[in-house]
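Residue numbers (the numbering used here): 2 to 93. Glycine included, every Cβ here is placed at the ideal spot set by N, Cα and C. Scroll down for the structure; my scribbles are underneath it.
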Amino acid sequence: MPFYSAYTASGYLNNNLQELLDQKDLSSFALSKLASLSPTTTRKICADSRYIPSPDVLEKICLTLNVTPGDVLGIKSTMELTVAVGSGVFSG
Numbered sequence: 002m003p004f005y006s007a008y009t010a011s012g013y014l015n016n017n018l019q020e021l022l023d024q025k026d027l028s029s030f031a032l033s034k035l036a037s038l039s040p041t042t043t044r045k046i047c048a049d050s051r052y053i054p055s056p057d058v059l060e061k062i063c064l065t066l067n068v069t070p071g072d073v074l075g076i077k078s079t080m081e082l083t084v085a086v087g088s089g090v091f092s093g
């Protein structure tokens, strides 16, 4: 099984699946049935925003929800955390 890194040069990949399901008023279980995926798979993706689904799973999700991969996946910048730590906000 290939490894999909969640980290990029400017931040890390995250999935927005739970937000998409909330907007469409669907549960992860309902998505699993509609997309012919395991309920465990959809629950895992929704529970962990840093979990990146395989290309096959991502394709099924996109086709089922009528969205693009860019709607499901995004990049969170690590710059915001670096600035906050460097500002002394988190110093003790």
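Buried or exposed by the 16-neighbour rule on C-beta atoms within 10 Å, applied to residue 64: For the purposes of this step, residue 64 is identified with residue 63 of the sequence shown, where counting begins at 1. Exposed, by the Cβ-count rule.
Alpha carbon of residue 39 to alpha carbon of residue 75, nearest angstrom: Translated into positions along the sequence shown, residue 39 becomes position 38. Translated into positions along the sequence shown, residue 75 becomes position 74. Rounded to the nearest angstrom, the two C-alpha atoms are 23 Å apart.
Which of helix, strand or coil DSSP assigns to residue 29: One-based indexing of the sequence shown puts residue 29 at position 28. Correct three-state label for residue 29: helix.
Distance, residue 53 Cα to residue 29 Cα: Reading the sequence shown from its first residue, position 28 is the one you call residue 29. Reading the sequence shown from its first residue, position 52 is the one you call residue 53. Distance between the alpha carbons of residue 29 and residue 53 is about 15 Å.
CB of residue 21 within 8 Å of CB of residue 68, strictly: Walking along the sequence shown from the start, residue 21 turns up at place 20. Walking along the sequence shown from the start, residue 68 turns up at place 67. Against a cut-off of 8 Å, the Cβ pair of residue 68 and residue 21 comes out as a contact.
Spatial neighbours of residue 17 in its chain, beta-carbon cut-off 8 Å, leaving aside the 5 residues before and after: For the purposes of this step, residue 17 is identified with residue 16 of the sequence shown, where counting begins at 1. Counting only Cβ-Cβ distances below 8 Å, and skipping sequence neighbours, we find 50, 72, 73, 74 and 75.
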